[in-house]
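Peer 1:
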Amino acid sequence: MWDSKALISLQRSWATQRRVIWALLMREILTRYGRHNIGFLWLFVEPMMFTLGVTALWTATSNFHGSDLPIIAFAITGYSSVLLWRNMPSRCLDALLPNLALMYHRNVKVIDIFLSRLLLEMAGATISFVALSVFFITIGSIHPPEDMMKVIWGWLMLSWFGMAFALLIGGLSEEFELVEKIWHPVSYITFPLSGAAIMVDALPKAAQEIILYLPMVHGVEYIREGYFGSRIHAHYDLGYMAIINLLILLVALAQVRKISRKVIPE
Amino acid sequence: MIRLCDVSQYYATRTGSKMVLDRINIDIHRGERVGILGRNGAGKSTLIRLISGAELPTKGSIVREMSVSWPLAFGGAFQGALTGYDNLRFICRIYGTEFDDKVPFIQEFSELGLYLREPVRNYSAGMRARLAFAISMVIEFDCFLIDEIVAVGDARFHAKCHEELFVKRGDRAMIIVSHDPTYIKEHCSRAAVLSGGRLQLFDDVDDAFGHYLSN
Numbered sequence: 008m009w010d011s012k013a014l015i016s017l018q019r020s021w022a023t024q025r026r027v028i029w030a031l032l033m034r035e036i037l038t039r040y041g042r043h044n045i046g047f048l049w050l051f052v053e054p055m056m057f058t059l060g061v062t063a064l065w066t067a068t069s070n071f072h073g074s075d076l077p078i079i080a081f082a083i084t085g086y087s088s089v090l091l092w093r094n095m096p097s098r099c100l101d102a103l104l105p106n107l108a109l110m111y112h113r114n115v116k117v118i119d120i121f122l123s124r125l126l127l128e129m130a131g132a133t134i135s136f137v138a139l140s141v142f143f144i145t146i147g148s149i150h151p152p153e154d155m156m157k158v159i160w161g162w163l164m165l166s167w168f169g170m171a172f173a174l175l176i177g178g179l180s181e182e183f184e185l186v187e188k189i190w191h192p193v194s195y196i197t198f199p200l201s202g203a204a205i206m207v208d209a210l211p212k213a214a215q216e217i218i219l220y221l222p223m224v225h226g227v228e229y230i231r232e233g234y235f236g237s238r239i240h241a242h243y244d245l246g247y248m249a250i251i252n253l254l255i256l257l258v259a260l261a262q263v264r265k266i267s268r269k270v271i272p273e
Numbered sequence: 037m038i039r040l041c042d043v044s045q046y047y048a049t050r051t052g053s054k055m056v057l058d059r060i061n062i063d064i065h066r067g068e069r070v071g072i073l074g075r076n077g078a079g080k081s082t083l084i085r086l087i088s089g090a091e092l093p094t095k096g097s098i099v100r101e102m103s104v105s106w107p108l109a110f111g112g113a114f115q116g117a118l119t120g121y122d123n124l125r126f127i128c129r130i131y132g133t134e135f136d137d138k139v140p141f142i143q144e145f146s147e148l149g150l151y152l153r154e155p156v157r158n159y160s161a162g163m164r165a166r167l168a169f170a171i172s173m174v175i176e177f178d179c180f181l182i183d184e185i186v187a188v189g190d191a192r193f194h195a196k197c198h199e200e201l202f203v204k205r206g207d208r209a210m211i212i213v214s215h216d217p218t219y220i221k222e223h224c225s226r227a228a229v230l231s232g233g234r235l236q237l238f239d240d241v242d243d244a245f246g247h248y249l250s251n
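Those protein sequence lines, which keep their order, are chains A and B.
Sequential numbering from 8 applies to the first sequence in the numbering used here.
Sequential numbering from 37 applies to the second sequence in the numbering used here.
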């Protein structure tokens, strides 16, 4: 049985946390995008510009991606996925410093600052992905996804990976300065390995085994299967991805808790 | 009541762990005004942050049975990139209160006029103090934590602060931290002296005053 007092206190904490995350989210939108020109629309216009740029580049160079899929569809699914899981850790690097003054308020916790940034990043990448898909489907450049649920599910799995990984990177970067220096090359090098630029099926057998150790590859492959269905042969194991996500998340939460105890408001 | 029980605080420095507060014990009751005297660097602001809950102690426990404000100082607790109004909005959202009905008070008290629409980082120290104090008075607490409030502002501003804090909110508990004994003497019923990480309590403000000066 639930202790009613504990339940009420839990409900209250949840209400407070929601309020704080919402306040931080609004603050973040204002400081990042301001009220000038298109304001908060930059949230998804920026990732859209990235994806469109890469799509144009890949189209122009007839990028080899190991299948006969149209390059536009390939680029949109691939690059949107990269933006989703890669921008989240970037936003969590040194996320506390600009917010230290706000930590004078007892209810503002380290995890709230991370979560508000993550929600915003996820919203931006998702809106960008949906808007570009709708646009190219409408003008007839690509076909609608064969299995929408798979696309959504894959996208959620990738978001989960991105959030867990971001919390880990963000938490570690507060303790070790080195993390920030290493993150940039790592994020750059993992791009071609993330399954965004090539189908796993097109790789030699030995390379497939190695690349499938990377959790995000499974998410991207699953999204592509949802998008293209029978036209491709996707390689994934969502159970494996879920276990890795969970492990990263656990370590990340422990690290965030550790740094939370040490944060000194400005 | 607020109860601090054997609260110690250590900070990691290049030369090893440094003790800032050493086994602090103090009870603060409803409606009570306690002054904490200490020289620069004695750990007054650290103590206030711990009481507010913004920072956690290395050892010991802090129990809060009344609502406690954030440390009201004339810096901190605000975001420089946001405008005055946006900072107010942020505080209202965090504490779950309406924004619109607070605006007239903020305008009247801060006397900032159109500057409320400018980023706080462009404000002068005096303007910042006016905004910070005005926003601080928007959320009601049982206990206010006041950190070096006399540091900035002109006489007129001080008079307005005095009215809001000590007249209109005279029934609240307050913990006032300062290196200025006369300010503590004027406003507190009880005082403590912080030195060498230890907090020494005095029932009489004059005794605390004497101890502080002789140290």
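We treat Cβ as the ideally placed atom computed from N, Cα and C, and that holds for glycine.
(1) Measuring CA to CA, which of Ile146/A, Ala22/A, Trp160/A, Asp101/A is closest to methionine 248/A?
(2) May I ask you to list, following chain order, the residues of the stretch 125-143 of chain B that have a beta carbon less than 9 Å from some beta carbon of chain A?
(3) Considering only C-alpha positions, which residue in the set Leu163/A, Ser194/A, Thr197/A, Glu232/A is nearest to asparagine 252/A?
(4) Ignore the nearest five residues each way along the sequence and tell me which others in aspartate 119/A's own chain have a CB closer than 8 Å to its CB.
(5) Cutting at 7 Å between CB atoms, please list the residues of its own chain near isoleucine 62/B, excluding the five before and the five after it.
(6) Just to confirm before moving on: does the CB-CB distance between phenylalanine 57/A and tyrosine 86/A stay below 8 Å?
(7) Mind listing which residues of the stretch 170-198 of chain A have their C-beta closer than 8 Å to chain B's C-betas, in chain order?
(8) State yes or no: is the beta carbon of histidine 112/A nearer than 8 Å to at least one beta carbon in chain B?
(9) Roughly how many angstroms lie between the CA atoms of arginine 39/A and serine 250/B, to the nearest whole one?
(10) Which of the three DSSP states is assigned to glutamine 45/B in this structure?
(11) Would you call threonine 133/B buried or exposed, if buried means 16 or more other Cβ atoms sit within 10 Å of its Cβ?
(12) Give me the DSSP bridge partner(s) of lysine 54/B.
(13) Are serine 44/B and glycine 96/B touching if we call contact CB-CB under 8 Å?
(14) Using DSSP with H/G/I as helix, E/B as strand and the rest coil, what is lysine 95/B?
(15) Report the rounded CA-to-CA distance for valine 336/B versus histidine 215/B, giving the unit in angstroms.
(16) Who pairs with proline 107/B in a beta bridge, going by DSSP?
(17) Examine chain B for any beta-carbon lying closer than 8 Å to the beta-carbon of valine 27/A, and answer yes or no.
(18) Less than 8 Å between CB atoms is the rule here; does serine 88/B satisfy it with respect to chain A?
(19) Grab me the residues of tryptophan 167/A's own chain with a C-beta within less than 6 Å of its C-beta, minus the 5 sequence neighbours each way, in chain order.
(20) Between alanine 108/A and chain B, is the shortest Cβ-Cβ distance under 8 Å, so that the two count as touching?
(21) Hey, alanine 173/A and methionine 95/A are a contact pair by Cβ (cut 8 Å); roughly how many whole angstroms apart?
(22) Just checking: is the beta-carbon of isoleucine 271/A within a distance shorter than 8 Å of some beta-carbon in chain B?
(23) In its own chain, which residues sit with a C-beta less than 8 Å from the C-beta of histidine 223/B, not counting the 5 before and 5 after it?
(24) When you compare the CB of glutamine 255/B with every CB in chain A, is at least one pair closer than 8 Å?
(25) Contact criterion: CB-CB distance below 8 Å. Does threonine 38/A meet it with respect to chain B?
(26) So, does the CB of aspartate 122/B fall closer than 8 Å to a CB anywhere in chain A?
(27) What number of angstroms, rounded off, separates the C-alpha of methionine 55/B from the C-alpha of isoleucine 36/A?
(28) If we count the other Cβ atoms within 10 Å of its Cβ and call it buried at 16 or more, is serine 172/B buried or exposed?
(29) Distance cutoff 8 Å, beta carbons only. Does arginine 85/B sit that close to anything in chain A?
(30) Let me make sure I understand the geometry here. Which of Ala67/A, Val263/A, Thr68/A, Trp21/A has the alpha-carbon closest to that of alanine 171/A?
(31) Whole angstroms are fine: how far does the CA of isoleucine 250/A sit from the CA of leucine 257/A?
(32) Nearest CA to the CA of proline 77/A: which residue from Leu260/A, Ala204/A, Ser148/A, Ser140/A?
(33) What three-state label does DSSP hand methionine 110/A in the structure shown?
(34) For the stretch 94-109 of chain B, list every residue whose C-beta sits within 7 Å of some C-beta in chain E, in sequence order.
Peer 2: Taking the structure as given:
(1) Trp160/A
(2) Arg125, Phe126, Ile127, Cys128, Arg129, Ile130, Tyr131, Gly132
(3) Leu163/A
(4) Gln24, Val27, Ile28, Leu31
(5) Leu40, Ala228, Leu235, Leu237
(6) yes
(7) none
(8) yes
(9) 52 Å
(10) strand
(11) exposed
(12) Tyr47/B
(13) yes
(14) strand
(15) The structure shown does not extend to residue 336/B, since chain B is modelled only from 37 through 251, so no value can be given for it.
(16) Leu181/B
(17) yes
(18) yes
(19) Asn252
(20) yes
(21) 4 Å
(22) yes
(23) Arg69, Gly71, Phe202, Met210, Ile212
(24) One cannot answer for residue 255/B here, as it falls past the ends of chain B, which runs 37 to 251.
(25) yes
(26) yes
(27) 40 Å
(28) buried
(29) yes
(30) Val263/A
(31) 11 Å
(32) Ser148/A
(33) helix
(34) Checking the listed chains, one finds no chain E in this structure; the protein chains it contains are A and B.
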